[in-house]
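Numbering (my numbering), first residue to last: 17 to 251.
Read through the structure below, which is laid out as structure tokens, and then see the notes.
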Amino acid sequence: MGVEIKERRVSEEEFAAMEEFVFEYLAASVEREEEGGRMRWYPWHSAEYRYNHIRNVVDLAAEIAKKEGADVDVTRVASVFHDVAKLDAEQDVHAEEGARVARQYLETHCEYPDSFLDEVCRSVEDHSYQGPLEDLSLETQCLIEADLLDKVGANGTVLMMLRMGYEARTHMDAPEMVERVLERGHEAEDRIRSDAAETIAHRRLKRVRWLREWLTEELSNVEPRAVEEPDEFEP
């Protein structure tokens, strides 16, 4: 059951300030890394990509929260802070570290009730929970479902396409990479519980399946051909 908060506590100005802080924190995290740091060469290990993911999760989580009767303010604030420590903490502790950063910011920049801060920070800390979503608050469920859904659809498909280059693959492997997105989507479908999230997942996976079928149809007509290797590397 969601937290019963009858009126909005977070103004748009306050939320915009949180967004600005989160982006600056992410950017500073990358700057603090030594050259060649953890996953530094991946395009999604950047402040820009991580912030875009966070904004997507905020929008998705708010949409789900409104339809499922969760507290939208708790959900939105938890969503904007959920990956704030993603670029400077190890994966297995980034949620706990994110909750610490969120609490520190909210206590020093805002005047919300302790109960509100506790709910927000608990959702941030629990957003990596791998057990049944029913174990968590409704607000945390909305956050986790949104986090899963952002990896499915157009955004997730483009990221998989980018991986082809890093894995030295050609465009002929595109259907296989899109299939990975579908597999991830089906895993997400197995975890999500709300009707709102299921509707979003169904819509996104339908589009991904259509893309896979289109790619398979066009690429199946391309016959592989032998390519002579040059004697020397040609730029």
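Where is the CB? At the ideal position from N, CA and C, for every residue including glycine.
A quick note: this is a predicted structure, and the numbers were derived from the prediction, not measured.
Classification of residue i by the beta-carbon crowding that lies within 10 angstroms, buried from 16 upward
i: Gln-157; result: buried
i: Met-188; result: exposed
i: Glu-141; result: buried
i: Arg-92; result: buried
i: His-69; result: buried
i: Arg-228; result: buried
i: Arg-219; result: exposed
i: Asp-130; result: exposed
i: Val-109; result: exposed
i: Val-174; result: exposed
i: Ser-95; result: buried
i: Leu-76; result: buried
i: Glu-135; result: buried
i: Gly-52; result: Because Gly-52 carries a pLDDT of 44, less than 50, the predicted location of this residue cannot be relied on, and no value is offered for it.
i: Ala-313; result: Since the first residue shown for the chain is 17 and the last is 251, residue 313 is missing from the structure and cannot be characterised.
i: Ala-111; result: buried
First and last residue of the uninterrupted alpha helix (DSSP H) at residue i
i: Met-34; result: 28-48
i: Arg-219; result: 211-235
i: Ile-80; result: 63-84
i: Leu-164; result: 154-165
i: Gly-114; result: 110-125
i: Leu-103; result: Unbroken run through Leu-103: none, as it is neither H nor E.
i: Ser-95; result: 88-97
i: Val-197; result: 190-207
i: Glu-141; result: 130-142
Proximity test, Cβ basis, 7 Å: residue i and chain D
i: Asp-206; result: As a matter of chain content, chain D is missing from the structure shown, which is built from one protein chain.
Cβ-based neighbour list, residue i, same chain, cut-off 7 Å, excluding 5 preceding and 5 following
i: Arg-200; result: Lys-167, Val-168, Gly-172
i: Ala-217; result: Leu-165, Val-168, Gly-201, Ala-204, Glu-205, Ile-208
i: Ala-115; result: Cys-137, Val-140, Glu-141
i: Leu-149; result: Gln-157, Ile-160, Arg-207, Arg-209
i: Cys-126; result: Glu-30
i: Ala-162; result: Val-73, Leu-76, Ala-77, Ile-80, Ser-95
Spatial neighbours of residue i in its chain, beta-carbon cut-off 8 Å, leaving aside the 5 residues before and after
i: Val-117; result: Tyr-41, Phe-97, Val-100, Ala-101
i: Arg-223; result: Gly-169, Ala-170
i: Glu-214; result: Glu-205, Ile-208
i: Arg-48; result: Asp-104
i: Tyr-145; result: Asp-151, Leu-152, Thr-156, Ile-160
i: Leu-198; result: Leu-221, Val-224, Arg-225, Arg-228
Closest Cα partner of residue i within the set the options
i: Met-177; options: Arg-196, Glu-161, Asp-163; result: Arg-196
i: Ala-212; options: Leu-154, Tyr-128, Gly-181; result: Leu-154
i: Glu-233; options: Leu-198, Pro-191, Phe-39; result: Pro-191
i: Thr-186; options: Phe-132, Val-46, Leu-235, Ala-33; result: Leu-235
i: Arg-25; options: Val-90, Tyr-65, Ser-144, Met-193; result: Val-90
i: Phe-37; options: Asp-151, Tyr-145, Tyr-67, Phe-132; result: Tyr-67
i: Tyr-121; options: Glu-35, Gly-181, Val-194; result: Glu-35
6 Å Cβ shell around residue i - same chain, five flanking residues per side excluded
i: Pro-251; result: Because the pLDDT of Pro-251 is 30, which lies under 50, any placement of that residue in the model is unreliable, and the question is left without a value.
i: Leu-221; result: Gly-201
Does the stretch 78-87 come close enough to the stretch 98-106 that 3 or more CB-CB pairs lie under 8 Å?
In short, these stretches do not touch, since the Cβ pair count stays below three.
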